[in-house]
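Those protein sequence lines, which keep their order, are chains A and B. Heads up, the first sequence stops at 639 in my numbering, and the numbers go up one at a time, no gaps. Heads up, the second sequence stops at 342 in my numbering, and the numbers go up one at a time, no gaps. Quick reminder that beta carbons are idealized off the backbone N, C-alpha and C, glycines included. Computed from a predicted model, the values in this text were never measured in an experiment. What follows is a short report on a single structure.
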Amino acid sequence: MIPASFEYTAPSTVDEAVRALADAGEDAKVLGGGQSLLPVLRMRLAAPTALIDLGKIDEMRGVREDGDSLVIGAMTTHYDVQRDSLVAEHAALLARATDTVADPQVRHRGTFGGSIAHADSAGDLLAPVLALDAEMVVAGANGRRTVPASEFFVDYFTTAMDPSEILVEVRVPKHSGWHAHYEKFNRVAQAWSIVAVGAAVRVENTSIAEAKVGLTNMAATPVRARAVEEALVGQPATPDSIRAAAAHAAEGTSPTSDGNADVEYRQHLARTLTGRAINTAVSA
Amino acid sequence: MRISVTVDGTTYTDDVEPRLLLVHYLRERLGKTGTVVGCDTSNCGACTVHLDGHSVKSCSVLAVQADGSEITTIEGLARDGQLHPLQEAFHDRHALQCGFCTPGMIMQSLDLLADNPAPDEQAVRHGLEGNLCRCTGYQNIVSAVQDAAQKMSPGAGPEVERVGDEMSGRHQARTPATSSGGE
Ligand SMILES: Cc1cc2nc3c(=O)[nH]c(=O)nc-3n(C[C@H](O)[C@H](O)[C@H](O)COP(=O)(O)OP(=O)(O)OC[C@H]3O[C@@H](n4cnc5c(N)ncnc54)[C@H](O)[C@@H]3O)c2cc1C
Ligand code: FES
Ligand code: FES
Numbered sequence: 356m357i358p359a360s361f362e363y364t365a366p367s368t369v370d371e372a373v374r375a376l377a378d379a380g381e382d383a384k385v386l387g388g389g390q391s392l393l394p395v396l397r398m399r400l401a402a403p404t405a406l407i408d409l410g411k412i413d414e415m416r417g418v419r420e421d422g423d424s425l426v427i428g429a430m431t432t433h434y435d436v437q438r439d440s441l442v443a444e445h446a447a448l449l450a451r452a453t454d455t456v457a458d459p460q461v462r463h464r465g466t467f468g469g470s471i472a473h474a475d476s477a478g479d480l481l482a483p484v485l486a487l488d489a490e491m492v493v494a495g496a497n498g499r500r501t502v503p504a505s506e507f508f509v510d511y512f513t514t515a516m517d518p519s520e521i522l523v524e525v526r527v528p529k530h531s532g533w534h535a536h537y538e539k540f541n542r543v544a545q546a547w548s549i550v551a552v553g554a555a556v557r558v559e560n561t562s563i564a565e566a567k568v569g570l571t572n573m574a575a576t577p578v579r580a581r582a583v584e585e586a587l588v589g590q591p592a593t594p595d596s597i598r599a600a601a602a603h604a605a606e607g608t609s610p611t612s613d614g615n616a617d618v619e620y621r622q623h624l625a626r627t628l629t630g631r632a633i634n635t636a637v638s639a
Numbered sequence: 160m161r162i163s164v165t166v167d168g169t170t171y172t173d174d175v176e177p178r179l180l181l182v183h184y185l186r187e188r189l190g191k192t193g194t195v196v197g198c199d200t201s202n203c204g205a206c207t208v209h210l211d212g213h214s215v216k217s218c219s220v221l222a223v224q225a226d227g228s229e230i231t232t233i234e235g236l237a238r239d240g241q242l243h244p245l246q247e248a249f250h251d252r253h254a255l256q257c258g259f260c261t262p263g264m265i266m267q268s269l270d271l272l273a274d275n276p277a278p279d280e281q282a283v284r285h286g287l288e289g290n291l292c293r294c295t296g297y298q299n300i301v302s303a304v305q306d307a308a309q310k311m312s313p314g315a316g317p318e319v320e321r322v323g324d325e326m327s328g329r330h331q332a333r334t335p336a337t338s339s340g341g342e
């Protein structure tokens with residue numbers, strides 16, 4: 356189908372974009388990579404009156420270092436995140452999760468920030484961003500503010516951002532030398548996660564010194580598997596102790612039942628995939 | 160809104176509505192009906208073209224977003240009546256039945272081979288994840304891509320060398336074959 360008519364602007368700075376969004380009124384939307392928004396417009400599930408395209412804003416693209424943090428521009432494509440050497444070195448979990456997003460064509464256009472702003476509970480970048488204690492830098496009419504991931508995701512497709520705000524960049528504390536893996540369970544022709552688990556662990560000698568585990572699609576928002584993290588610390592990085600810790604993975608989750616999986620099966624997947632994610636991470 | 164794009168080596172300038180999808184611009188304005196639409200959900204990949212050297216689903220890009228870009232469609236692959244080695248391999252290996260998915264399959268295969276010139280079976284299947292075929296069961300598509308990879312490998316003969324343009328051109332604008340321009 357063909358989208359309904361809308362006004363289109365492509366500003367070249369964040370300030371211009373914020374102003375354009377305010378001027379365009381409440382039925383305006385920002386356009387990131389368009390890989391979720393354009394299908395929605397095509398199916399006429401939404402009909403915004405104006406699109407503010409962020410694609411021409413250079414300052415929103417790319418990855419840089421800032422002290423102990425990596426700063427990932429919201430308009431950095433999935434393809435560029437996958438290949439970025441800073442991400443590989445300091446936030447490998449994000450690269451491993453991005454590898455599993457959609458397909459090559461969608462990864463060429465879809466963006467890191469668009470995925471996070473979209474906040475689909477099955478989206479693969481939310482749990483890793485939460486696990487790595489990232490912060491979202493958001494711009495609005497009153498300037499910029501920073502929202503920690505733990506407060507950013509509010510509900511299905513709902514974030515702490517106001518519709519008049521733009522996600523500019525994501526600050527990720529460096530996790531240099533951590534082992535990471537993203538383990539995803541999905542149907543072949545549909546890339547979306549039924550359940551997935553992102554794990555990052557710091558190993559000292561042969562023991563686990565620190566662990567961060569995030570769960571995808573185990574609630575309306577991404578979930579930290581705190582009980583697993585606590586059970587792992589101080590344990591030897593062996594399959595047995597990892598499996599024992601992973602048994603806590605479904606604690607504190609509230610998954611839905613749908614055509615792909617019911618609640619119990621999702622809880623089972625969370626435990627199994629957590630074990631696999633951590634085992635693969637430590638043996639990498 | 161006025162846009163200017165280079166498609167298969169020819170530059171076009173047109174006034175378009177912002178809501179016009181790139182695939183409809185290619186098909187309905189430029190008559191490039193080799194690129195097809197197979198779904199409403201951005202899943203099937205039949206509409207795959209290259210935008211500045213990277214594969215995209217042209218049903219999920221606005222024509223206005225492509226302003227200033229270089230686009231290659233399935234119609235830009237053959238030169239001087241000679242099929243591209245991937246087109247030839249799809250023909251030789253019976254990699255199509257109804258053929259509806261084929262333009263997208265070939266454009267995505269070209270993108271895959273640019274990243275990985277000698278993919279194993281798993282890599283081909285993974286690289287074609289975003290392209291659905293309702294007919295073939297994929298087996299012959301995989302062998303066609305591997306066949307083409309072999310024929311396109313360095314030293315495979317002068318007739319496939321021009322593929323090097325597409326490969327090396329992925330991070331730079333491709334030189335248009337012609338630049339007569341306009342409709
Ligand atoms: C076939 C297919 C399969 C997919 N499979 C997966 C998958 O397996 N895993 C996965 O995680 N994702 C998947 N996706 C989604 C993909 O990752 C998208 O790239 C992503 O969801 C949205 O990013 P985008 O840049 O395309 O955003 P858009 O589509 O442009 O925008 C999405 C929403 O976010 C808003 N938005 C975008 N950028 C910003 C910003 N900077 N500030 C504020 N708001 C913003 C828009 O207004 C819109 O509401 C799939 C998509 C397709 C088409
Ligand atoms: S027409 Fe199906 S993905 Fe574009
Ligand atoms: S040959 Fe018919 S869809 Fe692939």
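Against residue i, what residues of chain A qualify as contacts under a CB-to-CB distance less than 7 Å, listed in chain order?
i, result
"Val-182/B", "Those do not exist, as Val-182/B stays about 10 Å from chain A at its closest Cβ, beyond 7 Å."
"Gln-281/B", "Result: empty, since nearest Cβ-Cβ is about 13 Å, beyond 7 Å."
"Asp-270/B", "Pro-459"
Going by alpha carbons, who is nearest to residue i out of the options?
i, options, result
"Ala-457/A", "Ala-546/A, Ser-638/A, Thr-364/A and Val-618/A", "Ala-546/A"
"Arg-178/B", "Ile-357/A, Gly-607/A, Glu-490/A and Pro-394/A", "Ile-357/A"
"Gly-532/A", "Val-552/A, Ile-563/A and Ala-504/A", "Ile-563/A"
"Ile-300/B", "Ala-254/B, Thr-194/B, Thr-232/B and His-285/B", "Ala-254/B"
"Gly-569/A", "Arg-598/A, Ala-582/A, Ala-554/A and Val-558/A", "Ala-554/A"
"Leu-522/A", "Ser-440/A, Ala-405/A and Arg-416/A", "Arg-416/A"
"Asp-454/A", "Val-550/A, Glu-414/A and Arg-438/A", "Arg-438/A"
Please compile the residues from chain B whose C-beta is within a distance smaller than 8 Å of the C-beta of residue i.
i, result
"Gly-469/A", "What Gly-469/A touches in chain B: nothing, since even the nearest Cβ is about 12 Å away."
"Val-461/A", "Ser-201, Lys-216, Ser-219 and Gly-289"
"Met-491/A", "Simply none; closest approach about 25 Å."
"Pro-394/A", "Asp-199, Thr-200, Ser-201 and Ser-219"
"Met-516/A", "Here the premise fails: no neighbours, minimum Cβ distance about 23 Å."
Using the C-alpha atoms, what's the distance from residue j back to residue i?
i, j, result
"Lys-567/A", "His-534/A", "10 Å"
"Glu-288/B", "Ala-477/A", "18 Å"
"Gly-495/A", "Ser-519/A", "6 Å"
"Thr-627/A", "Tyr-537/A", "13 Å"
"Glu-524/A", "Pro-244/B", "42 Å"
"Leu-291/B", "Ser-312/B", "26 Å"
"Gly-235/B", "Asn-615/A", "41 Å"
"Pro-335/B", "Val-196/B", "Residue placement at Pro-335/B is poorly supported in this model, since its pLDDT is 35, which falls under 50; the coordinates are not used for a value here."
"Val-220/B", "Ala-602/A", "44 Å"
"His-623/A", "Asp-270/B", "38 Å"
"Ala-515/A", "Arg-238/B", "53 Å"
"Thr-571/A", "Val-215/B", "26 Å"
"Ala-401/A", "Leu-393/A", "10 Å"
"Glu-565/A", "Asp-167/B", "53 Å"
"Arg-557/A", "Arg-188/B", "56 Å"
"Val-583/A", "Glu-362/A", "49 Å"
"Ile-412/A", "Asp-226/B", "15 Å"
Going along chain B, which residues have a C-beta under 9 Å from residue i?
i, result
"Gly-389/A", "Ser-219, Val-220, Leu-221 and Gln-224"
"Ala-359/A", "Arg-178"
"Gly-410/A", "Gln-224"
Name the chain A residues whose beta carbon is nearer than 8 Å to that of residue i?
i, result
"Gly-286/B", "Pro-459"
"His-213/B", "Tyr-434 and His-463"
"Gly-204/B", "Asp-458 and Gln-460"
What in chain B is Cβ-close to residue i, meaning under 7 Å?
i, result
"Tyr-363/A", "Met-160, Pro-177 and Val-223"
"Met-356/A", "Asp-199"
Do residue j and residue i come within 9 Å of each other at the CB atom, strictly closer than that value?
i, j, result
"Ala-205/B", "Pro-278/B", "no"
"Ala-372/A", "Leu-409/A", "yes"
"Met-398/A", "Thr-170/B", "no"
"Thr-576/A", "Phe-467/A", "no"
"Leu-480/A", "Val-527/A", "no"
"Val-385/A", "Leu-396/A", "no"
"Asp-382/A", "Pro-403/A", "yes"
"Leu-180/B", "Cys-218/B", "yes"
"Ile-162/B", "Ala-222/B", "yes"
"Ile-230/B", "Thr-165/B", "yes"
"Val-182/B", "Met-160/B", "no"
"Val-418/A", "Ile-407/A", "no"
"Gln-256/B", "Glu-280/B", "no"
"Glu-561/A", "Ala-592/A", "Note on identity: in this sequence residue 561/A is Thr, with Glu being the wrong assignment. It is a contact, given that the beta carbons lie within the stated cut-off."
Anything in chain A within Cβ reach of residue i, meaning under 9 Å, just list it in chain order.
i, result
"Cys-267/B", "This sequence places Gln at residue 267/B; Cys is not what is there. Going along chain A in sequence order, the residues near Gln-267/B (Cβ under 9 Å) are Asp-458, Pro-459 and Gln-460."
**OP:** Please go through the region 206-236 of chain B and give each complete beta strand (DSSP E) segment of 3 or more residues, from N-terminal end onward.
**Re:** Listed in chain order, the beta strand (DSSP E) elements of length 3 or more contained wholly in the region 206-236 of chain B are 207-210, 213-216 and 229-231.
Original post:
What runs of the alpha helix (DSSP H), each 4 residues or longer, lie entirely inside the region 360-443 of chain A?
Top reply: You should have 369-378, 392-397 and 433-438.
Original post:
Can you give, in chain order, each stretch of the beta strand (DSSP E) that sits fully within the region 503-533 of chain A and has at least 3 residues?
Top reply: The qualifying runs are 508-510 and 521-528.
Subject >> Completely contained alpha helix (DSSP H) runs for the region 569-612 of chain A, where each covers 4 or more residues >> reply: DSSP assignment within the region 569-612 of chain A yields the following whole alpha helix (DSSP H) runs of 4 residues or more, N-terminal first: 581-587 and 594-601.
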